[in-house]
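>
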Amino acid sequence: MSTGDIIAQLVIEKKKISESDLLRSAKFGFLGTCFVGPTLTVWYRLLARRFGTAATSSAALKKMSFDQLVFAPSFLVIFIANVNLLNGKNVDEIKNELFEKYPDIVVNNWKVWPAVQLVNFYFVPLHYQVLLVQSVALFWNTYLSWKTQKQS
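Numbered according to UniProt numbering, the sequence shown spans residues 1 to 152.
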(Lines of atoms letter the chains of each structure in order from A and count residues from 1; the text may use other names and numbers.)
(Lines give C-alpha, C1' and ligand atoms only; values in the text may rest on other atoms or scores of the structure.)
Protein backbone atom coordinates (compact mmCIF):
# COMPACT_ATOMS: atom_id res chain seq x y z
CA MET A 1 0.00 0.00 0.00
CA SER A 2 2.96 2.31 0.54
CA THR A 3 3.75 2.09 -3.16
CA GLY A 4 0.23 3.21 -4.06
CA ASP A 5 0.57 6.15 -1.69
CA ILE A 6 3.93 7.14 -3.16
CA ILE A 7 2.45 6.99 -6.67
CA ALA A 8 -0.50 9.13 -5.50
CA GLN A 9 1.85 11.74 -4.07
CA LEU A 10 4.25 11.88 -7.02
CA VAL A 11 1.91 11.35 -9.97
CA ILE A 12 -1.54 12.58 -8.94
CA GLU A 13 -0.59 15.24 -6.40
CA LYS A 14 2.51 16.16 -8.42
CA LYS A 15 4.79 16.45 -5.40
CA LYS A 16 8.54 16.38 -5.84
CA ILE A 17 10.32 13.45 -4.22
CA SER A 18 11.77 15.84 -1.64
CA GLU A 19 8.22 16.99 -0.78
CA SER A 20 6.73 13.52 -0.37
CA ASP A 21 5.27 12.61 3.01
CA LEU A 22 7.13 9.47 4.08
CA LEU A 23 5.16 9.17 7.31
CA ARG A 24 1.94 9.07 5.29
CA SER A 25 3.41 6.30 3.12
CA ALA A 26 4.54 4.42 6.23
CA LYS A 27 1.00 4.63 7.63
CA PHE A 28 -0.38 3.11 4.43
CA GLY A 29 2.26 0.40 4.61
CA PHE A 30 1.30 -0.30 8.20
CA LEU A 31 -2.38 -0.60 7.23
CA GLY A 32 -1.51 -2.94 4.39
CA THR A 33 0.69 -5.16 6.53
CA CYS A 34 -1.34 -5.23 9.72
CA PHE A 35 -4.92 -4.85 8.47
CA VAL A 36 -5.54 -5.27 4.74
CA GLY A 37 -3.35 -8.30 3.98
CA PRO A 38 -4.39 -10.38 7.01
CA THR A 39 -8.06 -9.43 6.61
CA LEU A 40 -8.14 -10.43 2.94
CA THR A 41 -6.35 -13.71 3.65
CA VAL A 42 -8.94 -14.68 6.26
CA TRP A 43 -11.78 -13.41 4.06
CA TYR A 44 -10.78 -15.55 1.06
CA ARG A 45 -10.51 -18.62 3.28
CA LEU A 46 -13.99 -17.94 4.65
CA LEU A 47 -15.39 -17.56 1.13
CA ALA A 48 -13.74 -20.81 0.09
CA ARG A 49 -15.16 -22.59 3.13
CA ARG A 50 -18.64 -21.17 2.53
CA PHE A 51 -18.84 -21.53 -1.25
CA GLY A 52 -16.17 -24.16 -1.93
CA THR A 53 -13.00 -24.07 -3.97
CA ALA A 54 -14.42 -25.43 -7.23
CA ALA A 55 -13.78 -23.13 -10.18
CA THR A 56 -17.36 -22.95 -11.41
CA SER A 57 -19.15 -19.91 -12.73
CA SER A 58 -21.82 -20.34 -10.06
CA ALA A 59 -19.31 -20.41 -7.19
CA ALA A 60 -17.38 -17.45 -8.64
CA LEU A 61 -20.56 -15.41 -9.00
CA LYS A 62 -21.66 -16.21 -5.44
CA LYS A 63 -18.23 -15.32 -4.02
CA MET A 64 -18.04 -12.08 -6.00
CA SER A 65 -21.57 -11.08 -4.98
CA PHE A 66 -20.95 -11.79 -1.31
CA ASP A 67 -17.58 -10.05 -1.50
CA GLN A 68 -18.95 -6.91 -3.12
CA LEU A 69 -22.30 -6.62 -1.35
CA VAL A 70 -21.26 -7.65 2.17
CA PHE A 71 -17.50 -7.43 2.64
CA ALA A 72 -16.40 -4.47 0.50
CA PRO A 73 -18.85 -1.88 1.88
CA SER A 74 -18.03 -2.68 5.51
CA PHE A 75 -14.30 -3.13 4.86
CA LEU A 76 -14.10 0.30 3.21
CA VAL A 77 -15.76 1.97 6.20
CA ILE A 78 -13.20 0.38 8.53
CA PHE A 79 -10.34 1.23 6.17
CA ILE A 80 -11.32 4.90 5.87
CA ALA A 81 -11.80 5.13 9.63
CA ASN A 82 -8.36 3.57 10.23
CA VAL A 83 -6.65 5.98 7.82
CA ASN A 84 -8.23 8.87 9.67
CA LEU A 85 -7.37 7.43 13.09
CA LEU A 86 -3.74 7.13 12.02
CA ASN A 87 -3.92 10.76 10.91
CA GLY A 88 -5.04 11.78 14.41
CA LYS A 89 -8.65 12.65 13.62
CA ASN A 90 -11.36 12.41 16.26
CA VAL A 91 -14.67 10.54 15.98
CA ASP A 92 -16.62 13.53 14.65
CA GLU A 93 -13.96 14.26 12.02
CA ILE A 94 -13.96 10.59 10.99
CA LYS A 95 -17.76 10.65 10.62
CA ASN A 96 -17.47 13.73 8.40
CA GLU A 97 -14.76 12.07 6.28
CA LEU A 98 -16.93 8.97 5.87
CA PHE A 99 -19.95 11.07 4.93
CA GLU A 100 -17.95 13.02 2.34
CA LYS A 101 -15.72 10.33 0.82
CA TYR A 102 -17.32 6.92 1.35
CA PRO A 103 -20.05 7.17 -1.33
CA ASP A 104 -17.53 7.93 -4.12
CA ILE A 105 -15.12 5.28 -2.89
CA VAL A 106 -17.71 2.50 -2.68
CA VAL A 107 -19.18 3.35 -6.11
CA ASN A 108 -15.72 3.37 -7.67
CA ASN A 109 -15.00 0.09 -5.89
CA TRP A 110 -17.98 -1.40 -7.71
CA LYS A 111 -16.64 -0.10 -11.05
CA VAL A 112 -13.36 -2.00 -10.59
CA TRP A 113 -13.63 -4.96 -8.28
CA PRO A 114 -16.59 -7.10 -9.43
CA ALA A 115 -14.86 -7.99 -12.72
CA VAL A 116 -11.50 -8.52 -10.98
CA GLN A 117 -13.11 -10.75 -8.38
CA LEU A 118 -15.00 -12.83 -10.94
CA VAL A 119 -11.69 -13.57 -12.68
CA ASN A 120 -10.02 -14.13 -9.33
CA PHE A 121 -12.60 -16.57 -8.01
CA TYR A 122 -13.05 -18.45 -11.29
CA PHE A 123 -9.47 -18.81 -12.53
CA VAL A 124 -7.08 -18.25 -9.61
CA PRO A 125 -6.27 -20.90 -6.99
CA LEU A 126 -7.10 -19.85 -3.42
CA HIS A 127 -3.47 -19.51 -2.34
CA TYR A 128 -2.84 -16.93 -5.11
CA GLN A 129 -6.05 -14.90 -4.76
CA VAL A 130 -4.66 -12.31 -2.35
CA LEU A 131 -1.61 -11.95 -4.62
CA LEU A 132 -3.76 -11.22 -7.68
CA VAL A 133 -5.90 -8.79 -5.74
CA GLN A 134 -2.85 -6.97 -4.39
CA SER A 135 -1.42 -6.68 -7.92
CA VAL A 136 -4.56 -4.93 -9.11
CA ALA A 137 -4.74 -3.08 -5.81
CA LEU A 138 -1.59 -1.12 -6.60
CA PHE A 139 -3.77 1.09 -8.78
CA TRP A 140 -6.71 0.94 -6.37
CA ASN A 141 -4.45 1.86 -3.44
CA THR A 142 -3.16 4.84 -5.40
CA TYR A 143 -6.76 5.99 -5.78
CA LEU A 144 -7.58 5.29 -2.11
CA SER A 145 -4.53 7.20 -0.95
CA TRP A 146 -5.38 10.20 -3.08
CA LYS A 147 -9.07 10.11 -2.13
CA THR A 148 -8.57 9.66 1.62
CA GLN A 149 -5.76 12.22 1.87
CA LYS A 150 -7.36 14.86 -0.34
CA GLN A 151 -8.59 17.86 1.59
CA SER A 152 -12.33 18.36 1.18
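For each residue, glycine too, the CB sits at the ideal point set by N, CA and C.
Cα separation between lysine 15 and valine 42?
Answer to the nearest angstrom: the Cα atoms are 36 Å apart.
> For isoleucine 78, which option in Tyr102, Leu132, Ala59 has the closest C-alpha, if you only look at C-alpha atoms?
The candidate whose alpha carbon is nearest that of isoleucine 78 is Tyr102.
> Report, in whole angstroms, the separation of the C-beta atoms of serine 145 and glycine 52, which I expect to be a contact under 8 Å.
With 8 Å as the limit, serine 145 and glycine 52 do not qualify as a contact, their Cβ atoms being about 35 Å apart.
> Nearest-angstrom Cα distance between phenylalanine 66 and phenylalanine 121?
So the alpha carbons of these two residues sit roughly 12 Å apart.
> Could you give the DSSP three-state label for methionine 1: helix, strand or coil?
Note: methionine 1 maps to coil in three-state DSSP.
> Which first and last residues belong to the alpha helix (DSSP H) in which asparagine 90 is found?
Note, asparagine 90: premise wrong, no alpha helix (DSSP H); not H, not E.
> Cα separation between proline 73 and aspartate 21?
Answer to the nearest angstrom: the Cα atoms are 28 Å apart.
> For the alpha helix (DSSP H) containing proline 38, list its first residue and its last residue.
37-51 is the extent of the alpha helix (DSSP H) around proline 38.
> Could you tell me which of Asn109, Asn84, Gly88, Asn108 sits nearest to glutamate 97, measuring between CA atoms?
It is Asn84.
> Alpha carbon to alpha carbon, how far is glutamine 129 from lysine 147? Give it in angstroms, no decimals.
In a straight line, the C-alpha of lysine 147 is about 25 Å away from that of glutamine 129.
> Could you spell out where the alpha helix (DSSP H) holding serine 25 opens and where it closes?
Element bounds for serine 25: 22-31.
> What did DSSP end up calling lysine 16 once you bin it into helix, strand or coil?
In the structure shown, lysine 16 sits in coil (DSSP, three-state: anything other than H, G, I, E or B).
> Thinking just about the alpha-carbon of each residue, which of Gln149, Lys150, Thr142 is nearest to the one in serine 2?
Out of Gln149, Lys150, Thr142, Thr142 has the C-alpha closest to the C-alpha of serine 2.
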